[in-house]
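Enquirer: Take this structure, written in structure tokens, and hold onto it; I'll ask about it next.
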Amino acid sequence: NAGVTQTPKFRILKIGQSMTLQCTQDMNHNYMYWYRQDPGMGLKLIYYSVGAGITDKGEVPNGYNVSRSTTEDFPLRLELAAPSQTSVYFCASSYSSSGTGELFFGEGSRLTVL
Amino acid sequence: AQSVAQPEDQVNVAEGNPLTVKCTYSVSGNPYLFWYVQYPNRGLQFLLKYITGDNLVKGSYGFEAEFNKSQTSFHLKKPSALVSDSALYFCAVRTTSGTYKYIFGTGTRLKVLA
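Protein chains in written order, with my numbering: chain A, 158 to 271; chain B, 351 to 464.
This is the structure in structure tokens:
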């Protein structure tokens with residue numbers, strides 16, 4: 158099993174450009190998450206999804222959009238990139254509807270906005 | 351508001367000595383508690399979790415953690431540290447009611463000195 162796969166691993170954007178971070182998982186997990194990690198700040202939840210067709214905002218959703226058309230895929234869209242979106246982005250998934258399941262993380266996507 | 355606190359940004363310990371990485375939480379309802387480890391340029395990896403039952407939980411790589419409800423703590427411990435344990439450690443909590451969100455602490459960098 159590949160687990161959670163994120164692409165690209167690295168990307169440099171200019172201010173105002175847009176892009177999509179891809180995330181796919183092959184574990185048939187219903188729950189998927191996007192986090193950003195900034196130094197000394199831990200992980201902040203951007204968006205999450207409890208199943209195909211269902212998404213909801215996390216702590217820091219501004220400037221981002223998501224969709225969940227299939228169980229496997231949960232892409233994160235950045236519109237009009239800003240320097241404040243320079244960060245490392247992690248996609249994660251979990252399997253438990255009761256909340257007891259741990260998160261499985263991708264390897265991360267490092268984004269720089271110049 | 352629900353939160354997780356890791357009061358130490360960095361913990362230094364000599365190889366072979368016991369280590370403790372501290373975590374306290376504030377949530378409504380009963381918590382599910384998790385520890386994750388992150389090695390450089392990698393995603394987070396699950397170490398262990400407390401759901402219910404025995405307050406002492408054993409996990410991967412010889413780590414264990416003790417749930418203390420009265421002190422609202424979930425400290426990570428290991429009897430004998432290895433240089434290879436040097437990494438960034440995150441505590442996370444998920445409540446048994448409400449949303450499907452995991453809340454992360456800011457992380458503690460563990461440095462094991464040879």
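Just so you know, even glycine gets a beta-carbon here, dropped at the ideal spot from N, CA and C.
Tell me where the beta strand (DSSP E) around Gly208 of chain A begins and ends.
Expert: Position 51 of the first sequence, counted from the start, is the residue given in the question as residue 208 of chain A. Element bounds for Gly208 of chain A: 199 to 208.
Enquirer: Apart from the five residues on each side of it in sequence, which residues of its chain come closer than 7 angstroms, Cβ to Cβ, to Asp359 of chain B?
Expert: Working through the second sequence from its first residue, we reach residue 359 of chain B at position 9. Taken in chain order, the residues that qualify are Thr458, Arg459.
Enquirer: Could you check whether Thr177 of chain A and Pro232 of chain A sit closer than 7 angstroms to each other, using their CB atoms as the reference points?
Expert: Along the first sequence, read from residue 1 onward, the residue named residue 232 of chain A stands at position 75. Along the first sequence, read from residue 1 onward, the residue named residue 177 of chain A stands at position 20. Yes, they are a contact pair.
Enquirer: Do Gln174 of chain A and Ala238 of chain A have their CB atoms nearer than 7 angstroms?
Expert: For the purposes of this step, residue 174 of chain A is identified with residue 17 of the first sequence, where counting begins at 1. For the purposes of this step, residue 238 of chain A is identified with residue 81 of the first sequence, where counting begins at 1. In contact: Gln174 of chain A and Ala238 of chain A (Cβ atoms closer than 7 angstroms).
Enquirer: If you run the structure through DSSP and keep just helix, strand and coil, what is Ser423 of chain B?
Expert: In the second sequence, counting from the first residue as 1, residue 423 of chain B sits at position 73. Of the three classes helix, strand and coil, the one that applies to Ser423 of chain B here is strand, per DSSP.
Enquirer: I want to know whether the region 220 to 232 of chain A touches the region 182 to 200 of chain A - three or more CB-CB distances under 8 angstroms.
Expert: At 8 angstroms Cβ cutoff, the stretches touch.
Enquirer: Nearest CA to the CA of Tyr347 of chain B: which residue from B:Glu416, B:Val363, B:Leu369?
Expert: Chain B is shown only over 351 to 464; residue 347 of chain B falls outside these bounds and no answer can be derived.
Enquirer: Span of the beta strand (DSSP E) holding Pro357 of chain B?
Expert: The residue labelled residue 357 of chain B in the question sits at position 7 within the second sequence. No beta strand (DSSP E) holds Pro357 of chain B; DSSP gives it neither H nor E.
Enquirer: According to DSSP, which residues form a beta bridge with Asn222 of chain A?
Expert: Position 65 of the first sequence holds residue 222 of chain A. Answer is A:Arg234.
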